[in-house]
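Trainee: Here the sequence shown stands for residues 8 to 450, where the numbers follow this note's numbering.
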Amino acid sequence: MANATLGLLPRSARARFGDANYLGRFVKLASWSMIAFALEKGAQTITILFLARVLGAMEYGRLTLAQGMVNSAQLFVVLGAGTILARYIPAMLDVSVKRAIEIVNLCFVLIFGTASLLLVIGITESSAIAVSILDLPAGSSLPYWVMAWIILTALNGLLLTIMLSFEKGHVTGIVSLAVAISTIAIVPLSAAKWGLHGAIITFTLTSLLRTILFVEFYFKLLRSHSVSAWIAPSRGDLPLLFSFGLPVFLSSAIWAPTMWLAQLILKEYSPDGLISVGLFGFCNNILGLVILISSITNRAALPIMSSLKTQGNRGAERRFIIPVITIQIAASLLIAAPVVIFSSTVLSIMGGEFVGGEAVLIVMAAAGIVISGQQPLINMLLVNDMALTNLMGMAIWAVILLGLTTIFVHMGALGVAYAVLASAIVKGIFVMVTTITPRAAAL
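1) Quick check on valine 102: buried or exposed, where buried means 16 or more other Cβ atoms within 10 Å of its Cβ?
2) First and last residue of the alpha helix (DSSP H) that includes arginine 242?
3) Is glutamate 365 helix, strand or coil when you go by DSSP?
4) Are three or more beta carbon pairs between the region 153 to 163 and the region 208 to 223 nearer than 8 Å?
5) Quick check on this structure: which residue in Ala161, Gly285, Ser189 has the alpha carbon closest to the alpha carbon of glycine 359?
6) Keeping to the same chain, check which residues put their C-beta closer than 7 Å to that of arginine 217; ignore five residues upstream and five downstream.
7) Which parts of the region 351 to 431 are runs of the alpha helix (DSSP H), unbroken and 4 residues or longer, counting only runs that do not cross its ends?
8) Taking methionine 399 as the reference, which of Val438, Ile219, Ala50 has the closest Cα?
9) Helix, strand or coil for threonine 442? Go by DSSP, reduced to three states.
10) Rounded to whole angstroms, what's the CA-CA distance from alanine 59 to lysine 200? Just pull it up for me.
11) Got a sec? Which residues, its chain only, sit under 6 Å from serine 258 by beta carbon, not counting five neighbours each side?
12) Where are the alpha helix (DSSP H) runs, 4 residues long or more, that stay fully inside the region 58 to 142, in chain order?
13) Measure the CB-CB distance between valine 297 and alanine 344 and report whether it falls below 7 Å.
14) Can you find the residues in the same chain that come closer than 8 Å, C-beta to C-beta, to proline 278, ignoring five residues on each side of it along the sequence?
15) Can the beta-carbon of isoleucine 207 be found less than 7 Å from the beta-carbon of alanine 73?
16) In or out: glycine 363 buried (at least 16 other Cβ within 10 Å) or exposed?
17) Confirm, please, whether the CB-CB distance from isoleucine 261 to alanine 405 is below 7 Å.
18) Confirm, please, whether the CB-CB distance from alanine 50 to isoleucine 219 is below 7 Å.
19) Could you work out which residue in Thr442, Ile376, Ser351, His204 is closest to histidine 429 when comparing CA atoms only?
20) Assign alanine 145 to buried or exposed, taking buried as 16 or more other Cβ atoms, counted over all protein chains shown, within 10 Å of its Cβ.
21) Put isoleucine 334 into one of helix, strand or coil per three-state DSSP.
22) Are alanine 263 and leucine 86 close, meaning C-beta to C-beta below 7 Å?
23) Could you round the C-beta distance between proline 254 and alanine 93 to whole angstroms and report it? I think they count as a contact, below 8 Å.
24) Here's the rule: buried if 16 or more other CB atoms are within 10 angstroms of the residue's CB, otherwise exposed. What is valine 331?
25) Does tryptophan 156 come out as helix, strand or coil in the three-state DSSP assignment?
26) Drop a sphere of 10 angstroms on the beta-carbon of threonine 333, count the other beta-carbons inside from all chains shown, and report buried for 16 or more, exposed for fewer.
27) Can you check which of these residues, Pro383, Leu384, Val346, is closest to alanine 366 by C-alpha distance?
28) Can you look up glutamate 47 in the DSSP assignment and give me helix, strand or coil?
Okay, structure coming up:
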């Protein structure tokens, strides 16, 4: 597949990537990632459409807050370990597979500790989570399921990164197929029968299935290299957790909690409360579809860019990301166009509480186009050890998003959508400027 795709490129473009054929590796890895993400997003889209219709805007708003909590809290479990693996596994593999597993196990030890701490906090504060965040009775069991969902999501993200870093993209396709089938089969049925509880519990169970499959493939990978899974982590790698992992974690930890806080502000201060959260949450999921190709190619691109950096191929990563950015922006436009054209139809299918939200959906689709194409530039900052610069950009984005949300919250979901678009534009400008500075260019 990769060779056929490369054959369509001009000879000059193929020559840019040299004998190492980095673009070919990227296309192969991105193709499998695309299959995996297409399966997941397809299943997620079908499920979301059904849940929004069955649960209604208010209950769907609670589900949105639960998903936001999962996306936010799992970052505090991982603490940047996923990006550490994507950045350094390719470099460690140049030494040996055993060396790569040492840093993998260091990251596993890290998330074991953070997951244990999260469980203690979740158990002791379950009543507060139920009442203050989800507007449920204090004795609800859902906070416990959400805690399990968080930990499984964090673990799955780490295992996915490992497979991509070892360039085992086909594994992600197989796992995603199984999970997609399970999600479509059981989540809608459970939601129809047990409402919000059924949806959250079955989302957790599908995450557990993903973990089981990934773990099986991980041990199979180790057996193929005759390497034990129980290699002790190297103490010499500990500084990576602070010099690289901490800034990356802080950058990652800003996105989901900021979006979640914006939704909480919307819940508390907008005229329609949870109904506005439900509308915004649905449109935010559509934004995820607009940046689908961007998400796929970014996961595949980072290990390749790390290889270019490790082998001292100065400047090659700049040439490498040009076609990646072009693909991402073009794909986001193709996805966003029908969303905008048929926005009224899409929202009317969801039910009466969603009707009239066309402007929200259109603005969020525009924000998705702006966001697409930014991550390859951020990857360039990361592989050139400029994680602090990326952290600064994320901090600026968060301040603008929350500030504008507070100002425009009286407009409901549309006010938050405007805040998302404006903050994405500012962050895009910041990333573009920082990647062409003299220091970044020299690296």
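The beta-carbon is built from N, C-alpha and C at its ideal position, and this holds for glycine as well.
Note that the structure is a prediction, hence the values are computed from the model and not measured.
Mentor: Working from what's here:
1) exposed
2) Note, arginine 242: premise wrong, no alpha helix (DSSP H); not H, not E.
3) helix
4) yes
5) Gly285
6) Asn163, Val182, Val186
7) 365 to 378, 382 to 390, 394 to 415
8) Val438
9) helix
10) 14 Å
11) Asn397, Leu398, Met401
12) 88 to 100, 104 to 131
13) no
14) His417, Gly419
15) yes
16) exposed
17) yes
18) no
19) Correcting the residue identity first, residue 429 is alanine in this sequence and not histidine. For alanine 429, the nearest C-alpha among the options comes from Ile376.
20) exposed
21) helix
22) no
23) No, proline 254 and alanine 93 are not in contact; Cβ-Cβ is about 15 Å, not under 8 Å.
24) buried
25) helix
26) exposed
27) Val346
28) helix
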